[in-house]
Amino acid sequence: MERGLRKVRVGRVVSDKMDKTVVVAITTLVRHPFYQRTIRRTKKVKAHDAENDCRIGDKVRIMETRPLSKEKRWRVVEIIERGKYFEDVLPVDREG
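Written as structure tokens, this is what we have:
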């Protein structure tokens, strides 16, 4: 499959607990066939993060790729914007 024909999606990282893997939530808007109301649909996919650089809340662009594991068929192409979730902050030393 040529790189120009691969699917590209944008989503938010919802989990980064696995090594070199992130879970990305892709949100799309679809119109209900009968009620004609716009509905928000969310799909979660696992994506390969080679450098372990993504964190929860990051907005990322992912691209379809060959199967890398049982459920992983996407890879992170770029981090569009950093999330506001900081887990790496040092804990506050409280005396008391």
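Each residue of the sequence shown is one higher than the one before, starting from 8 at the first, in the numbering used here.
Where a beta carbon is used, it is the ideal one built from N, C-alpha and C, also for glycine.
Nothing here was measured: the structure is a model prediction, and the numbers come from that model.
By DSSP, does residue i sit in helix, in strand, or in coil?
{"i": "LEU12", "result": "helix"}
{"i": "ILE63", "result": "coil"}
{"i": "ASP23", "result": "strand"}
{"i": "ALA57", "result": "coil"}
{"i": "THR45", "result": "strand"}
{"i": "GLY90", "result": "coil"}
{"i": "GLU85", "result": "strand"}
{"i": "THR35", "result": "strand"}
CB residue i to CB residue j, shorter than 8 Å?
{"i": "ALA54", "j": "VAL29", "result": "yes"}
{"i": "ASP65", "j": "ARG80", "result": "no"}
{"i": "ASN59", "j": "LYS27", "result": "yes"}
{"i": "VAL21", "j": "CYS61", "result": "no"}
Tell me the rounded alpha-carbon separation between residue i and residue j.
{"i": "VAL67", "j": "TYR42", "result": "32 Å"}
{"i": "LYS14", "j": "SER76", "result": "18 Å"}
{"i": "LYS91", "j": "LEU12", "result": "33 Å"}
Between which residues of its own chain and residue i is the CB-CB distance below 6 Å, once the five residues before and five after are set aside?
{"i": "ILE33", "result": "ARG16, GLY18 and LYS50"}
{"i": "ARG48", "result": "THR35 and VAL37"}
{"i": "ILE86", "result": "ASP65 and VAL67"}
{"i": "THR72", "result": "ARG82"}
Excluding the 5 residues flanking residue i on each side, which residues of the same chain have their C-beta closer than 8 Å to its C-beta?
{"i": "HIS39", "result": "THR45 and ILE46"}
Which whole-angstrom value is the C-beta distance of residue i and residue j, which I expect to be below 8 Å?
{"i": "VAL84", "j": "ILE63", "result": "Between ILE63 and VAL84 the Cβ distance is about 19 Å, and since that is not below 8 Å, they are no contact."}
Residues in the same chain with beta-carbon distance under 7 Å from residue i, minus the five sequence neighbours each way, listed in chain order, please.
{"i": "PRO74", "result": "ARG80"}
{"i": "VAL52", "result": "VAL31, ILE33 and TRP81"}
{"i": "GLU78", "result": "LYS53"}
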